[in-house]
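Quick note: the sequence shown uses the UniProt record's numbering, first residue 1, plus one each step. Ideal Cβ positions, reconstructed from N, Cα and C, are used throughout, including at glycine.
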Amino acid sequence: MRSELYTDEHEAFRDTVRTFLAREVVPYHEQWEQDGIVDREVWRAAGRQGLLGLAVPEEYGGGGTGDFRYPAVLAEEFARAGASGFAVAVHNDMVGPYLARLGTDEQKRRWLPGFCSGETVAAIAMTEPGAGSDLQGIRTRATDEGDHFLLNGSKTFISNGIHADLVVVVAATTPEGGAKGLSLLVVERDTPGFERGRNLGKIGMKAQDTAEMFFTDVRVPKDNLLGDLDGAFGHLMTNLAQERLTIAVSALASAEHVLALTTDYVKERQAFGRPVAAFQNTRFAVAEMATECAVTRTFVDACVTAHNRAELTAVDASMAKWWATELHKRTADRCLQLHGGYGYMTEYPVAKAFTDGRVQTIYGGTTEIMKEIIGRSLLS
């Protein structure tokens with residue numbers, strides 16, 4: 001079935017994204033993987049092309065559109081290109097809404113133009129060595145010192161962590177309040193006491209700069225409080241649905257892409273004197289994967305449509321996230337098997353899809369957390 005989600009305008013935007021990826025990303029991605037980080041200039045190139053800040057008002061240099069289909073196109077094309085190192089989705093879809101929706105007029109004037117031009121790279125710092133999906137476990141503290149907060153703590157697994165110029169930090173401002181005592185503080189590059197740890201080595205997404213961060217008596221001006229004091233939990237819950245939908249869109253596009261590559265491969269690869277595609281096992285495996293992708297496409301497209309109407313629920317976003325990411329994990333594994341020994345070779349895209357995609361069932365909320373959200377909604 002052909003998806004009816006996108007219009008001609010979205011497809012024109014898709015062509016723009018593909019051209020950008022072919023010119024600015026794909027030729028260099030292998031080197032970036034060896035370096036463990038993308039070239040900073042690619043952020044500015046994306047800004048010049050209008051790919052950053054799609055939902056940011058035009059007065060700050062953004063695209064001025066609240067149509068989530070444009071970020072969805074971006075996520076799909078980056079996934080299909082294997083451009084896992086350039087974390088535009090983190091910048092646009094996971095940090096952007098906090099700045100655009102919660103920022104004061106002064107904060108928007110200060111941060112959003114650079115955010116849209118690529119001069120300013122953004123990250124969000126939630127995860128800690130002892131706290132992942134459980135916000136109540138956050139130990140980073142921000143004490144009120146009158147005209148500023150004094151921030152102490154550490155974060156880990158922070159995407160865009162090395163390049164980031166703005167880091168939205170989740171910290172406890174009222175420790176006795178648990179998850180309801182958290183606030184969002186924006187820490188800027190070169191603030192005294194803010195240090196980055198090592199660029200973490202990963203089994204996949206090797207070009208993505210994922211870092212540790214340390215905050216030692218960091219003085220964060222009160223003007224850098226984003227949103228309401230002690231309001232981070234509500235702000236996070238509002239935005240997590242979009243974050244999880246973005247992950248679902250990317251995971252599904254990756255699954256569809258690796259299946260398409262594998263379909264071509266088994267038609268060409270010979271075993272026992274005939275194409276691998278001639279074996280019933282291969283046909284059954286491809287039929288199962290194609291059907292799962294088609295069914296998932298219908299649901300994810302419906303979620304995008306619901307999100308555009310401001311009707312996407314946390315439960316539906318959780319369903320999309322866990323199902324699409326687990327689908328990608330299964331699909332990449334089965335496609336690698338159909339490649340045989342060649343699937344284990346890093347020069348084959350299926351190997352990269354296998355290792356890059358594995359983290360999707362973890363970040364943005366693990367599969368287990370997604371099931372817990374869904375289960376509670378049905379049984380409580």
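Backbone CA spacing between residue i and residue j [nearest angstrom]
| i | j | result |
| --- | --- | --- |
| Ala-79 | Glu-256 | 10 angstroms |
| Glu-4 | Tyr-70 | 14 angstroms |
| Asn-281 | Met-205 | 31 angstroms |
| Gly-66 | Gly-364 | 22 angstroms |
| Thr-143 | Thr-216 | 12 angstroms |
| Glu-59 | Tyr-265 | 48 angstroms |
| Ile-373 | Val-300 | 18 angstroms |
| Asp-165 | Lys-155 | 16 angstroms |
| Leu-74 | Thr-16 | 10 angstroms |
| Glu-128 | Asn-152 | 12 angstroms |
| Leu-185 | Gly-103 | 11 angstroms |
| Val-56 | Arg-109 | 12 angstroms |
| Arg-2 | Ala-248 | 19 angstroms |
| Thr-346 | Val-168 | 35 angstroms |
| Asp-39 | Phe-86 | 9 angstroms |
| Thr-313 | Thr-298 | 17 angstroms |
| Lys-352 | Thr-262 | 13 angstroms |
| Val-88 | Met-237 | 21 angstroms |
| Leu-226 | Tyr-98 | 8 angstroms |
Candidates the options, of which the one nearest residue i by Cα
| i | options | result |
| --- | --- | --- |
| Ile-138 | Gly-114, Lys-180, Asp-144, Tyr-98 | Lys-180 |
| Glu-288 | Thr-331, Gly-375, Leu-150, Ala-251 | Thr-331 |
| Glu-106 | Leu-182, Asp-67, Gly-153, Asn-224 | Asn-224 |
| Lys-371 | Met-319, Ala-125, Asp-209 | Met-319 |
| Gly-234 | Ser-154, Gly-178, Lys-108 | Gly-178 |
| Asp-147 | Tyr-6, Arg-309, Arg-219 | Arg-219 |
| Thr-174 | Gln-136, Glu-11, Phe-157, Asp-356 | Gln-136 |
| Ala-72 | Gly-47, Pro-113, His-10, Gly-357 | His-10 |
| Val-121 | Ala-46, Arg-101, Gly-132, Ala-131 | Ala-46 |
Range covered by the alpha helix (DSSP H) that runs through residue i
| i | result |
| --- | --- |
| Asn-239 | 232-268 |
| Ala-79 | 69-81 |
| Ala-125 | Per DSSP, Ala-125 belongs to no alpha helix (DSSP H); it is in the beta strand (DSSP E), 122-125. |
| Met-370 | 367-379 |
Supposed contact pair residue j and residue i - C-beta distance, whole angstroms, cut 8 angstroms
| i | j | result |
| --- | --- | --- |
| Leu-245 | Cys-293 | Not confirmed; about 17 angstroms, so no contact. |
| His-307 | Gln-360 | No, His-307 and Gln-360 are not in contact; Cβ-Cβ is about 19 angstroms, not under 8 angstroms. |
| Asn-239 | Ile-37 | Their Cβ separation, rounded to whole angstroms, is 26 angstroms, which puts Asn-239 and Ile-37 out of contact at 8 angstroms. |
| Ala-171 | Arg-141 | 6 angstroms |
Residues that DSSP places opposite residue i in a beta bridge
| i | result |
| --- | --- |
| Thr-210 | Ser-159 |
| Glu-195 | Phe-214 |
| Ser-154 | Phe-214 |
| His-328 | Paired residues: none, contrary to the question. |
| Phe-149 | Asp-144, Val-220 |
| Glu-128 | Ala-131 |
For residue i, the first and last residue of its enclosing beta strand (DSSP E)
| i | result |
| --- | --- |
| Asp-144 | 141-144 |
| Ala-278 | It is not in any beta strand (DSSP E) - Ala-278 carries neither H nor E in the DSSP assignment. |
| Ser-183 | 182-188 |
| Val-169 | 166-172 |
Cutoff 8 angstroms: residue i Cβ touching any chain D Cβ
| i | result |
| --- | --- |
| Ile-158 | Judged by its chain identifiers, the structure shown contains no chain D, having just a single protein chain. |
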